[in-house]
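Residue numbers (the working numbering), protein chains in the order written: chain G, 1 to 112; chain S, 1001 to 1114.
Even glycine gets a Cβ: it sits at the ideal position worked out from N, Cα and C.
Keep in mind it's a predicted model, so treat the numbers as computed, not measured.
Below: the structure, in structure tokens.
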């Protein structure tokens, strides 16, 4: 099964700043997924990141706010830009292998 | 319309007893997969079990089993011999063959009492 390393595990950021979250996988994967989990809520897909092409964003999420990089088949970053307190959430990256879907440890972001 | 419905916001179970967490789904895709995850307070998502729409038998993984009733579009998780460490949030999710995205239910908070 894939092992995903995500960092930072948590951060407290000032409003108006940006935070970049990194996700490293121990095997090559075609697609990587970024999810957001707002406090007390379920997971919502932000975007799907394919290597060599622009990420595909879900309704309600835009590239200017959540730019994503996918420079190779084992790595991706998600940036949360111009943060506000409403961005306080857990952000998780995910990959899939056949019948399993794995998640990174998550980044618990608090915006003050 | 919600694709994944978990109707139990919270459940309580006594240690060593079995508990069933409900999940119903909605899809017109003939090929799909159903997943269950455990999320402890640390926030990580732990994969528990998978059921494919064409699987003939219900999936089992140790103390976890999936009661898959395709005609009813339900995929309930059964945890046998509950342990205190099972206390966590549990999410049901679906992946349709038409795309690779996971759609999650709202989750059920399970509390195991000693």
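Would you say residue i faces chain G, with C-beta separation under 8 Å as the test?
i	result
residue 1091/S	yes
residue 1010/S	no
residue 1064/S	no
residue 1047/S	yes
residue 1105/S	yes
residue 1050/S	yes
Under 9 Å between beta-carbons, which chain G residues line up against residue i? List them in chain order, please.
i	result
residue 1102/S	33, 35, 43, 45, 94, 96, 101
For a contact defined as C-beta to C-beta under 7 Å, what are the partners of residue i on chain S?
i	result
residue 106/G	1043, 1044
Does residue i come within less than 8 Å of chain S when only Cβ atoms are used?
i	result
residue 68/G	no
For residue i, decide whether its Cβ has a neighbour in chain B, counting only Cβ atoms nearer than 8 Å.
i	result
residue 90/G	Going by chain labels, chain B is absent from the structure shown, which instead holds the protein chains G and S.
Among the candidates the options, whose CA atom is the shortest distance from the CA of residue i?
i	options	result
residue 62/G	76/G, 45/G, 51/G, 72/G	45/G
residue 39/G	30/G, 58/G, 91/G	91/G
residue 1051/S	23/G, 89/G, 101/G	101/G
residue 82/G	28/G, 60/G, 64/G	64/G
residue 28/G	88/G, 73/G, 112/G, 1/G	73/G
residue 108/G	55/G, 52/G, 35/G	35/G
residue 96/G	1056/S, 1023/S, 1102/S	1102/S
residue 1039/S	1091/S, 1014/S, 1017/S, 1067/S	1091/S
residue 11/G	5/G, 4/G, 19/G	19/G
residue 24/G	67/G, 54/G, 2/G	2/G
residue 1005/S	1110/S, 1047/S, 1073/S	1073/S
residue 103/G	1113/S, 1048/S, 1070/S, 1111/S	1048/S
Opposite residue i in the DSSP bridges: which residues?
i	result
residue 93/G	34/G
residue 1061/S	1064/S
residue 1112/S	1013/S
residue 7/G	22/G
residue 1046/S	1038/S
residue 77/G	22/G, 69/G
Could you tell me which chain G residues have their CB closer than 7 Å to the CB of residue i, listed as they occur along the chain?
i	result
residue 1033/S	99
Would you grab the beta carbon distance between residue i and residue j for me? Rounded to a whole angstrom, and I think it's under 8 Å.
i	j	result
residue 57/G	residue 49/G	That belief does not hold up - the Cβ atoms of residue 57/G and residue 49/G are roughly 10 Å apart, past 8 Å.
residue 1078/S	residue 1065/S	5 Å
residue 42/G	residue 1085/S	Wrong, their Cβ atoms sit about 22 Å apart, outside the cutoff.
residue 22/G	residue 77/G	5 Å
residue 1094/S	residue 1025/S	5 Å
residue 1028/S	residue 1054/S	At roughly 16 Å, the Cβ-Cβ gap does not stay under 8 Å, so residue 1028/S and residue 1054/S are not in contact.
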